[in-house]
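Student: Residue numbers for the sequence shown follow my numbering, beginning at 198 and rising by one. Think of the CB as a built atom: it goes at the ideal place given N, C-alpha and C, for glycine as much as any other residue. Note that the structure is predicted; figures quoted are calculated from it, not measured.
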Amino acid sequence: KGEDIVHWFIGEPKKYDPTFKGPIYNRGCTDIVCCILFIICILGYVAVGILAWSQGDPRKVIYPTDSRGQFCGQAGTPLETKPLLFYFNIMKCASPMVLLEFQCPTTQMCVEKCPDKFMTLLKAYANKEDFKYYKNFCKEGLEGLTVTQILSSGLCPAMLTPSKPFTRRCFPALGQKKGGEITVGNNSKFDDGEGNIRDAKDLVAGVKNATVVIEARQVAMKIFEDYTQSWYWIIINAFTLNYKALDQHRVSYVATKVCLCIFHCSMEYVSLKSEAGSNVTLKDLGFQTDFSVYLHIRQTWLAFIIILAIVEVIIILLLIFLRNRILIAIALIKEASRAIGYVMSALFYPLFTFALLSIVIAYWAVTAVFLSTSNQPIYKVFNETACDHSRKICEPAVSPAECPDSKCLFAFYGGETVYHKYLIGLQFYNVFLFFWCANFVTALGQMTLAGAFASYYWALVKPDDMPAFPIFSSLGRSLRYHTGSLAFGSLILSIIQIIRVLLEYIDHKLQGTQNKCTKFLLCCLKCCFWCLEKFIKFINRNAYIMVAIYGKNFCTSAKDAFFLLMRNMIRVAVLDKVTDFLLFLGKLLIVGLVGIFAFFFFSGRVKAFENTAPNLHYYWVPILTVVVGSYLIAHGFFSVYAMCVDTLFLCFLEDLERNDGSAERPYLMSDRLLRVLNKKNKPEPAE
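Laid out in structure tokens, this is it:
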């Protein structure tokens, strides 16, 4: 019974199959129902796009519109002299609802120019000239109202921040000077215009936030200055990191370097003993933008000693107890480098994935724009006396003759047709299909690479027993036979991702509530679904590898992969962490070198680049762009390497279970892996 329970958890080991020679070519279609469902959903997605394109008006995105649906700066209207759009609270634009509605959920109005100074309503109200300036960014009807009444009615923003026009919209400008001090009453409350009751002291917090932004920019500049002082040390240390050197002796070398660092920190800790002020605690010192201050505190060096000692103990324990596993992981990584050498076209496959993802993102974005601009400004009759036309739809330039005191005013931004009633559902469908298609493209790349690298591993004679074009062969098999399996796995992941989006939306809507139980429950749900998403991605990745090799359906492949990994839990854990760390070092090396070169080029710190580098207002903008771009490129190419390692690892585990090294059942792993495992293939007996 005990053995049955164990087999129920980890499954039966693979048995020798003399007919198995790698990825099976004679296979059938899998998960046909899900394939049909995916095709139907794609056709529906196209229909939604056509409907949105026929109803939408992209001018509302290109040309800004206020909260009443009026175009800013439109000729022949009262807004002709107000071409810019001002947001009362631009932080609301970070709401998850922007994905669904493509509208910023805050009051928006057309202005002549963006605010150029920091100011709060409390401060401006006390000064006649300041309040006159502040009115340019408020609605009408402020006369005779107090600050609390103005804020509760949503007639003015709580504060103004220096802004710059971009695409005819006012966005906060970084690096501006902050305003003066603000004092508020102990019990001052106001409505922020979004239906949330706020404490007036939040305005003081806003000023502090502006101060943090300014200080953060100063910190960033100091960090860049540190690079200029230590660039040669960074390059020297960066070039010492290479995959070939990461063997058992290199790990020992890292342990030795950590010991030297502990010794250096100990010397610094002892040398500060006699200096005045060095015994101040980090808690008393607080946050300082000048990080060099912390190096004059003994507690800082004590913290370094403790952290490095923990790292040293972990490294030593790893060397003692996991030595063989680490050697297997390193040998497998070297084998992955050899596999990529045989399948060089795999390095260019991320470009194909990038192109497909670009199409998916572009289609989603265009459809979202047209859907969000499908709404029309609705005007209704508002009257002071009884009228039969009260609250009925009307034309803005015409008022009912039966109601002389009535006005035709803007009511809301939407529509009352069947299309407009179900518009939120179409927006939700657009987001869901975006997740599904994006995950499908990613899954297609994983299965294609897995099939190509599996054909390398199981080839008895390399490269003679491999397909002429491994990537194209694997891509053809994936699309022809396993579109349903790809759609099934990506559908499960998409459902979890859309649930996470809905949880973020609910959390955003409940921000004003004080129910701690509700907040705790939402926090737990978001954490659980985040973990579930990570787990499903791990299962899907390994399931696609098994589908690429055996051609079985998604559920069977996921079960086989899970059981195979459960039977080798320690090897899985060690390999996963070692490969993740090595890939992180590779990305860090590329991004670091490119970033350092970009910094010296665009900042003009090197005389050779003074006449070549362009004149820029903020040279950190192209630097960040280059760094982010280099990371994305490195991530794309290293994802190929990671997929190769995962595929070879599953093949390696199956090789150990299927074969025993005899002449009838020889191991197909490389000689390097055989040496690490102390195994060898027995020669065929002489005739």
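Thinking C-beta only, is G270 closer than 7 Å to P280?
Tutor: The residue labelled residue 280 in the question sits at position 83 within the sequence shown. The residue labelled residue 270 in the question sits at position 73 within the sequence shown. Against a cut-off of 7 Å, the Cβ pair of G270 and P280 comes out as a contact.
Student: Could you check the C-alpha separation between F794 and R764 for me, to the nearest Å?
Tutor: Here residue 794 refers to the residue found at position 597 of the sequence shown. Here residue 764 refers to the residue found at position 567 of the sequence shown. Cα to Cα, F794 sits roughly 47 Å from R764.
Student: Could you check what DSSP says for R872 in three-state terms: helix, strand or coil?
Tutor: Within the sequence shown, numbered from 1, the residue matching residue 872 stands at position 675. Three-state result, R872: helix.
Student: Take S836 as the anchor and find which of K784, T358 and A565 has the nearest alpha-carbon.
Tutor: The residue labelled residue 836 in the question sits at position 639 within the sequence shown. When only C-alpha atoms are compared, the closest one is K784.
Student: How far does the beta strand (DSSP E) with R366 in it reach, from first residue to last?
Tutor: The count along the sequence shown starts at 1 and reaches residue 366 at position 169. Note, R366: beta strand (DSSP E), R366 to P369.
Student: Determine the closest residue to I696 out of S675, L707 and W727, with distance taken between C-alpha atoms.
Tutor: Here residue 696 refers to the residue found at position 499 when the sequence shown is read from its first residue. Per the Cα distances, W727.
Student: Measure the Cβ-Cβ separation of A552 and I668 and say whether it is below 7 Å.
Tutor: As a first step, residue 552 must be located in the sequence shown, where it is residue number 355. As a first step, residue 668 must be located in the sequence shown, where it is residue number 471. For A552 and I668, no; Cβs fall outside 7 Å.
Student: Helix, strand or coil: how does DSSP classify L357 here?
Tutor: Within the sequence shown, numbered from 1, the residue matching residue 357 stands at position 160. Residue state, collapsed to three classes: strand.
Student: Suppose you measure from the CA of A526 to the CA of V638; what does that come to, to the nearest Å?
Tutor: Your numbering for residue 526 matches position 329 in the sequence shown. Your numbering for residue 638 matches position 441 in the sequence shown. Roughly 29 Å between the two C-alpha positions.
Student: Candidates Q346, F518, V842 and P359: which alpha carbon is nearest D313's?
Tutor: Along the sequence shown, one-based indexing puts residue 313 at 116. Here the closest residue by C-alpha is P359.
Student: Let me know if P880 comes out buried or exposed under the rule of 16 or more other beta-carbons within 10 Å of its beta-carbon.
Tutor: In the sequence shown, residue 880 corresponds to position 683, counting from 1. It is exposed - the Cβ of P880 has fewer than 16 other Cβ atoms within 10 Å.
Student: Any chance the stretch 704-719 sits against the stretch 651-662, with 3 or more Cβ pairs inside 8 Å?
Tutor: At 8 Å Cβ cutoff, the stretches do not touch.
Student: In whole angstroms, what separates the C-alpha of V788 from that of H832?
Tutor: On the sequence shown, residue 788 is found 591 positions in, with the first residue counted as 1. On the sequence shown, residue 832 is found 635 positions in, with the first residue counted as 1. Cα to Cα, V788 sits roughly 10 Å from H832.
Student: Can you tell me whether Y284 is buried or exposed, with buried defined as 16 or more other CB within 10 angstroms of its CB?
Tutor: As a position in the sequence shown, residue 284 is number 87, starting the count at 1. Classification for Y284: buried.
Student: What do you get for S859, buried or exposed, if any count of 16 or more other CB atoms within 10 angstroms of its CB means buried?
Tutor: In the sequence shown, counting from the first residue as 1, residue 859 sits at position 662. Label assigned to S859: exposed.
Student: Quick one: complete beta strand (DSSP E) runs, 3+ long, within the stretch 305-339?
Tutor: Runs of the beta strand (DSSP E) inside the stretch 305-339: 305-308.
Student: Tell me whether Y653 sits in a helix, a strand or coil according to DSSP, three-state version.
Tutor: Along the sequence shown, read from residue 1 onward, the residue named residue 653 stands at position 456. Correct three-state label for Y653: helix.
Student: Which whole-angstrom value describes the C-beta separation of F501 and C462, a residue pair presumed to lie in contact below a C-beta threshold of 8 Å?
Tutor: Along the sequence shown, one-based indexing puts residue 501 at 304. Along the sequence shown, one-based indexing puts residue 462 at 265. Right, their Cβ atoms sit about 4 Å apart.
Student: Give the DSSP-derived three-state secondary structure of K577 in the structure shown.
Tutor: Position 380 of the sequence shown holds residue 577. Looking at K577 - three-state DSSP - the assignment turns out to be strand.
Student: When burial is assigned at 16 or more other CB atoms within 10 Å of the CB, is K742 buried or exposed?
Tutor: Working through the sequence shown from its first residue, we reach residue 742 at position 545. Residue identity differs from the one stated: residue 742 is Ile in this sequence, not Lys. Buried is the call here.
Student: Give a yes or no on whether the C-beta atoms belonging to K289 and T304 are separated by under 7 Å.
Tutor: Within the sequence shown, residue 289 is the residue found at index 92, counting from 1. Within the sequence shown, residue 304 is the residue found at index 107, counting from 1. Taking 7 Å as the Cβ cut-off, K289 and T304 do not qualify as a contacting pair.
Student: Quick one: Cα of A528 to Cα of D777, how far?
Tutor: In the sequence shown, the residue the question calls residue 528 occupies position 331. In the sequence shown, the residue the question calls residue 777 occupies position 580. Rounded to the nearest angstrom, the two C-alpha atoms are 15 Å apart.
Student: Taking Cβ to Cβ, would you say N627 is nearer than 7 Å to S687?
Tutor: As a first step, residue 627 must be located in the sequence shown, where it is residue number 430. As a first step, residue 687 must be located in the sequence shown, where it is residue number 490. Taking 7 Å as the Cβ cut-off, N627 and S687 do not qualify as a contacting pair.
Student: Counting only the same chain and skipping the five closest in sequence on each side, list residues whose C-beta sits under 7 Å from that of P261.
Tutor: In the sequence shown, the residue the question calls residue 261 occupies position 64. C269, L282, R365 and R366, listed in sequence order.
Student: Which whole-angstrom value is the C-beta distance of A249 and F567, which I expect to be below 8 Å?
Tutor: Sequence index remark: in the sequence shown, residue 249 carries index 52 (1-based). Sequence index remark: in the sequence shown, residue 567 carries index 370 (1-based). Right, their Cβ atoms sit about 4 Å apart.
Student: So for F285, helix, strand or coil by DSSP?
Tutor: Locating residue 285 in the sequence shown gives position 88, where the first residue counts as 1. In the structure shown, F285 sits in coil (DSSP, three-state: anything other than H, G, I, E or B).
Student: With burial defined as no fewer than 16 other Cβ atoms inside 10 Å of the residue's Cβ, what is the status of I175: buried or exposed?
Tutor: Only positions 198 to 884 of the chain appear in the structure, and residue 175 is not among them; the question remains open.
Student: Out of I237, D704, V230 and S251, which one is the CA nearest neighbour of T570?
Tutor: Sequence index remark: in the sequence shown, residue 570 carries index 373 (1-based). It is S251 whose Cα lies nearest to the Cα of T570.
Student: Excluding the 5 residues preceding and the 5 following M644 in the sequence, name in chain order all residues of the same chain whose CB lies nearer than 7 Å to its CB.
Tutor: Sequence index remark: in the sequence shown, residue 644 carries index 447 (1-based). Correct list, in chain order: S675, H679, L683, Y741, V744 and A745.
Student: To the nearest angstrom, how far is it from the Cα of K531 to the Cα of I511?
Tutor: As a first step, residue 531 must be located in the sequence shown, where it is residue number 334. As a first step, residue 511 must be located in the sequence shown, where it is residue number 314. The straight-line gap from Cα to Cα measures roughly 24 Å.
Student: Go through its chain and collect everything with a Cβ distance to G403's Cβ below 6 Å, but skip five positions before and after it.
Tutor: Taking the sequence shown and counting its residues from 1, one reaches residue 403 at position 206. The pLDDT assigned to G403 is 45, lower than 50, so where the model puts this residue is not dependable, and the model offers no usable value.
Student: Expressed to the nearest angstrom, what Euclidean distance is found between the alpha-carbon atoms of G351 and G338?
Tutor: To locate residue 351, count along the sequence shown from 1; it is residue 154. To locate residue 338, count along the sequence shown from 1; it is residue 141. Distance between the alpha carbons of G351 and G338: 11 Å.
Student: Tell me, which residues are paired with F363 by DSSP?
Tutor: For the purposes of this step, residue 363 is identified with residue 166 of the sequence shown, where counting begins at 1. Partner(s): R366.
Student: Specify the secondary structure class of R395 as computed by DSSP and reduced to three states.
Tutor: Taking the sequence shown and counting its residues from 1, the one referred to as residue 395 is at position 198. Residue confidence for R395 is low, a pLDDT of 49 falling below 50, so the modelled location carries little weight and cannot support an answer.
Student: Go ahead and pull the three-state DSSP assignment for T142.
Tutor: With the chain running from 198 to 884 in the structure shown, residue 142 is simply not present.
Student: Pick out whichever of A640, G642, L641 and F666 has its Cα sitting closest to the Cα of S652.
Tutor: Here residue 652 refers to the residue found at position 455 of the sequence shown. For S652, the nearest C-alpha among the options comes from F666.
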